[in-house]
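Chemist: Numbering follows this note's numbering, in which position 185 of the sequence shown is assigned residue number 243; successive positions increment by one, without gaps. All C-beta atoms in this analysis are idealised placements derived from N, C-alpha and C, irrespective of residue type, glycine included. Given the structure is predicted, the values throughout are model-derived calculations rather than measurements.
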Amino acid sequence: MRILITGVAGRVGTELATRSLASGHAVRGTVRPGGRVLTPALARDVEVVEVSLADAGSLARAVDGVDVVVHLAARMVPGDRPIDELFDGNVLGTLRLLEAAASARTPVRRLVLASTDNTYGPARPRFTPITEDHPQVPGDYYGTSKLLAEQLVQNLAELHGLEYTIVRLGSVVEPHEVLPLFRLDWTQAFLTAQHEAGRRGNLWALFADRPDLALAVNEVAGARDDNPAVALAGPAGEPWAIHLTHVRDAADGLLLAVERAEAAGEDFNMVGPRTTTFSEGAAVMARQFGLDTVTVELPVTLAFELSNQKAAQRLGYAPSRDFAAIVRAAVSGPDLAGTRVS
Numbered sequence: 059m060r061i062l063i064t065g066v067a068g069r070v071g072t073e074l075a076t077r078s079l080a081s082g083h084a085v086r087g088t089v090r091p092g093g094r095v096l097t098p099a100l101a102r103d104v105e106v107v108e109v110s111l112a113d114a115g116s117l118a119r120a121v122d123g124v125d126v127v128v129h130l131a132a133r134m135v136p137g138d139r140p141i142d143e144l145f146d147g148n149v150l151g152t153l154r155l156l157e158a159a160a161s162a163r164t165p166v167r168r169l170v171l172a173s174t175d176n177t178y179g180p181a182r183p184r185f186t187p188i189t190e191d192h193p194q195v196p197g198d199y200y201g202t203s204k205l206l207a208e209q210l211v212q213n214l215a216e217l218h219g220l221e222y223t224i225v226r227l228g229s230v231v232e233p234h235e236v237l238p239l240f241r242l243d244w245t246q247a248f249l250t251a252q253h254e255a256g257r258r259g260n261l262w263a264l265f266a267d268r269p270d271l272a273l274a275v276n277e278v279a280g281a282r283d284d285n286p287a288v289a290l291a292g293p294a295g296e297p298w299a300i301h302l303t304h305v306r307d308a309a310d311g312l313l314l315a316v317e318r319a320e321a322a323g324e325d326f327n328m329v330g331p332r333t334t335t336f337s338e339g340a341a342v343m344a345r346q347f348g349l350d351t352v353t354v355e356l357p358v359t360l361a362f363e364l365s366n367q368k369a370a371q372r373l374g375y376a377p378s379r380d381f382a383a384i385v386r387a388a389v390s391g392p393d394l395a396g397t398r399v400s
């Protein structure tokens, strides 16, 4: 099978390209002009093309002759950039890619859209664990742009007779990225960033009209200079929780969406094997690095957990790298970066 991966130089794209090649597929990948490049080893086996999501002509050349398109390329949090840039890349860019796939000389069989758990609105889930039938009420502009992209894919794919699969990933990390997590410096930065983002942040509903919650952490642990582990809890002592995904689990799931016939016309959550509470995350970091643990109760609770059950039952998706395994892999080095839970 010939696969086009947009955004191939990103963390998920690189891993998916590696996995796809190992499975015997031919891979073409797009990179932005002047953007990131592949490692020399991977670039030898991947046909790399420069593409702008704003350029219909370059997109038409990219899709020519491929069987499946995996659309990973996206703009992320806008920061100080104009909001319309986010929507132009994620919504109109997806539209241009769909039109290119639909009009290709050789029919594209399937388009796999990498979407996000942010379309559900992580600050105030209606129920947990979140399944694919949970209402989609995005928490920010990014989530809104990805939801609009999902709707474009569903509507236009049917119009053009193109198979599609939507995969909602969540908090994808590489092992080296997790080492600061659940420690004082990271916790303060995380809370302050959400406060400063205001209504541009995906958790604004938790932070709106409240003082910077990092101040509460500072009151308990601000005098510490040893960067201890921090377990955040809600007003009744319930632990905060986030759902992390190892990049290799994300790539495994996307490859199933490419290969399995059962994936056609469906949407799937594909995240890590289970949620990570802040108390669990702090305990992992404390054991690994010999840290003290500080528990801080806040006036609100973040409890975000997704269900992989649909992807597991229909596609055989079986992620098994939890937070403890990712930390062990990070400490052990790149050779063990794919270590699974034992």
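With a 10 Å radius around its C-beta and 16 neighbouring C-beta atoms as the bar for buried, classify Glu73 as buried or exposed.
Modeler: By one-based count along the sequence shown, residue 73 stands at place 15. So Glu73 ends up on the buried side.
Chemist: Once the 5 residues before and after Ala272 are set aside, which same chain residues still bring their CB inside 6 Å of it?
Modeler: In the sequence shown, counting from the first residue as 1, residue 272 sits at position 214. So the qualifying residues of the chain are Gln246, Leu249, Thr250.
Chemist: Please state if the CB of Ile188 and the CB of Glu208 are separated by a distance shorter than 8 Å.
Modeler: By one-based count along the sequence shown, residue 208 stands at place 150. By one-based count along the sequence shown, residue 188 stands at place 130. Taking 8 Å as the Cβ cut-off, Glu208 and Ile188 do not qualify as a contacting pair.
Chemist: For Phe248, name the three-state secondary structure that DSSP assigns.
Modeler: Locating residue 248 in the sequence shown gives position 190, where the first residue counts as 1. Reduced to three states, the DSSP call for Phe248 is helix.
Chemist: What are the boundary residues of the alpha helix (DSSP H) that includes Val166?
Modeler: Within the sequence shown, residue 166 is the residue found at index 108, counting from 1. That residue, Val166, is in no alpha helix (DSSP H); it is neither H nor E in DSSP.
Chemist: Going by DSSP, name the residue or residues bridged to Leu148.
Modeler: One-based indexing of the sequence shown puts residue 148 at position 90. The question names Leu, yet the displayed sequence has Asn at residue 148. DSSP lists no partner for Asn148.
Chemist: Look at Ala118 and Val107 and say whether their C-beta atoms are less than 8 Å apart.
Modeler: As a working note, residue 118 is residue 60 in the sequence shown. As a working note, residue 107 is residue 49 in the sequence shown. For Ala118 and Val107, no; Cβs fall outside 8 Å.
Chemist: Along the chain, which unbroken stretches of the alpha helix (DSSP H) at least 4 residues long are found entirely within the stretch 271–338?
Modeler: DSSP runs (the alpha helix (DSSP H)) wholly in the stretch 271–338: 272–279, 305–317.
Chemist: Take every Cβ of the stretch 149–157, pair it with every Cβ of the stretch 212–221, and state whether three or more of those distances are shorter than 8 Å.
Modeler: Contact between the stretch 149–157 and the stretch 212–221 is present, because at least three Cβ pairs lie under 8 Å.
Chemist: How far does the beta strand (DSSP E) with Leu62 in it reach, from first residue to last?
Modeler: Position 4 of the sequence shown, counting from 1, holds the residue named residue 62. Per DSSP, Leu62 belongs to the beta strand (DSSP E) from 60–64.
Chemist: Rounded to a whole number of angstroms, what is the C-alpha to C-alpha distance between Val166 and Ala287?
Modeler: Along the sequence shown, one-based indexing puts residue 166 at 108. Along the sequence shown, one-based indexing puts residue 287 at 229. Going by the C-alpha atoms only, they are around 49 Å apart.
Chemist: Look up Thr202 in the DSSP assignment and say whether it is helix, strand or coil.
Modeler: As a working note, residue 202 is residue 144 in the sequence shown. Helix at Thr202.
Chemist: Just reading off the beta strand (DSSP E) that Ile188 is part of, what are its end residues?
Modeler: To locate residue 188, count along the sequence shown from 1; it is residue 130. Per DSSP, Ile188 belongs to no beta strand (DSSP E) and is neither H nor E.
Chemist: Give me, in chain order, the residues of the same chain whose beta-carbon lies closer than 8 Å to that of Val385; leave out the 5 immediate sequence neighbours on both sides.
Modeler: As a first step, residue 385 must be located in the sequence shown, where it is residue number 327. For Val385, where only same-chain residues beyond five positions count, the Cβ hits under 8 Å are Pro233, Val236, Leu237, Val342, Met343, Gln346.
Chemist: Identify the continuous beta strand (DSSP E) that holds Gly71 and give its terminal residues.
Modeler: Here the question's residue 71 lines up with position 13 in the sequence shown. Careful: Gly71 lies outside any beta strand (DSSP E), inside the alpha helix (DSSP H) at 69–80.
Chemist: Looking only at its own chain, which residues have a Cβ that is under 7 Å from the Cβ of Arg332, when we skip the five neighbours before and after it?
Modeler: For the purposes of this step, residue 332 is taken as residue 274 along the sequence shown, with counting starting at 1. Same-chain partners within the cutoff: Asp380.
Chemist: Please state the DSSP three-state secondary structure of Tyr178.
Modeler: Mapped onto the sequence shown, residue 178 falls at position 120. It is helical.
Chemist: Return yes when the Cβ of Leu169 is within less than 8 Å of the Cβ of Val104, no when it is not.
Modeler: Residue mapping note: residue 104 aligns to position 46 of the sequence shown, counting from 1. Residue mapping note: residue 169 aligns to position 111 of the sequence shown, counting from 1. Going by C-beta atoms, Val104 is not nearer than 8 Å to Leu169.
Chemist: Using three-state DSSP, classify Ala132 as helix, strand or coil.
Modeler: The residue you call residue 132 lines up with position 74 of the sequence shown. Coil.
Chemist: Residues bridged to Ile224 by DSSP?
Modeler: As a working mapping, residue 224 is identified with position 166 in the sequence shown. Looking at the DSSP assignment, Ile224 forms a beta bridge with Leu171, Asp325.
Chemist: So is Ala266 buried or exposed if we call it buried at 16+ other beta carbons inside 10 Å?
Modeler: Within the sequence shown, the letter at position 208 stands for residue 266. Classification for Ala266: exposed.
Chemist: In the DSSP assignment, what residue or residues form a beta bridge with Leu364?
Modeler: Residue 364 sits at position 306 when you count from the first residue of the sequence shown. Bridge partners of Leu364: Ile188.
Chemist: For Arg241, which of helix, strand or coil comes out of DSSP?
Modeler: If you number the sequence shown from 1, residue 241 lands on position 183. In the structure shown, Arg241 sits in a strand (DSSP, three-state: E or B).
Chemist: Quick one: grab the DSSP three-state call for Ala266.
Modeler: By 1-based counting over the sequence shown, the position of residue 266 is 208. Here Ala266 sits in coil by DSSP.
Chemist: Taking a contact to mean a Cβ-Cβ separation below 8 Å, would you say Gly330 touches Leu302 in this structure?
Modeler: As a working note, residue 330 is residue 272 in the sequence shown. As a working note, residue 302 is residue 244 in the sequence shown. In contact: Gly330 and Leu302 (Cβ atoms closer than 8 Å).
Chemist: What do you reckon, are the CB atoms on Gly147 and Asn176 nearer than 8 Å?
Modeler: Within the sequence shown, numbered from 1, the residue matching residue 147 stands at position 89. Within the sequence shown, numbered from 1, the residue matching residue 176 stands at position 118. It is not a contact, given that the beta carbons lie outside the stated cut-off.
Chemist: Which residues in the same chain have their Cβ closer than 7 Å to the Cβ of Thr186, if we skip the five residues on either side of it in sequence?
Modeler: Stepping through the sequence shown from its first residue, residue 186 is reached at position 128. These residues qualify, in order along the chain: Ala361, Glu363.
Chemist: Leaving out the 5 sequence neighbours to the left and right, which residues in its chain are closer than 6 Å to Gln252 when beta-carbon positions are compared?
Modeler: The residue labelled residue 252 in the question sits at position 194 within the sequence shown. So the list reads Gly259, Leu261, Phe265, once near-sequence residues are dropped.
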